[in-house]
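Q: Counting along the first sequence from 1, when you hit position 86 you're at 86 in my numbering, and nothing is skipped either side. No residue lacks a Cβ here, since even glycine has one placed at the ideal position from N, Cα and C. Quick one: the structure is below, and I'll ask about it shortly.
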Amino acid sequence: MKNDNFFEKVYQIVQRIPYGKITTYGAIANFLGTKKSARLVGYAMNSSHSIKNLPAHRVVNRNGLLTGKNHFASSNLMQELLESEGIKIENNKVVHFKDHLWIPS
DNA sequence: ACGGTGACGACAG
DNA sequence: TCTGTCGCCACCG
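Structure representation (structure tokens):
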């Protein structure tokens, strides 16, 4: 798309997240060099509905909490996708979050 | 052109 | 430990 901007960078990184791995908004923001702008990453994801094959379910906040699940088609969709990849979810939070964490590099 | 908004994160109390 | 507040900055109306 015409997004040569911050948004596209975010999408590119999210698409690089390996299967069964997850990352955080802060990690993405940090990789982009704007660590304090994690909000922008989340905001970018808000427009991810325009992007297909975007594993947005692999992006959680720094606590491993599925803060974005409410933005999916179904509030339980995000959890199901993660569980289908071998990631356990408990009370909307990723279990062994750090063990599945993937940092863009 | 301007201000509100927000899938966050860090810090203060 | 937990809750509240502030900063951050691109996008949209």
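What are the boundary residues of the alpha helix (DSSP H) that Ile28 is part of?
A: Where Ile28 is concerned, the enclosing alpha helix (DSSP H) stretches over 25-31.
Q: Which parts of the region 11-74 are runs of the alpha helix (DSSP H), unbroken and 4 residues or longer, counting only runs that do not cross its ends?
A: The qualifying runs are 25-31, 38-46.
Q: Output the boundary residues of the alpha helix (DSSP H) element that contains Lys88.
A: No alpha helix (DSSP H) contains Lys88, which DSSP labels as neither H nor E.
Q: Looking only at its chain, what residues have a beta carbon closer than 6 Å to the beta carbon of Gly26, apart from the 5 residues adjacent to it on each side?
A: The residues are Ala38, Arg62.
Q: Does the contact criterion of 3 or more C-beta pairs under 8 Å hold for the region 5-22 versus the region 37-54?
A: They touch, by the three-pair rule.
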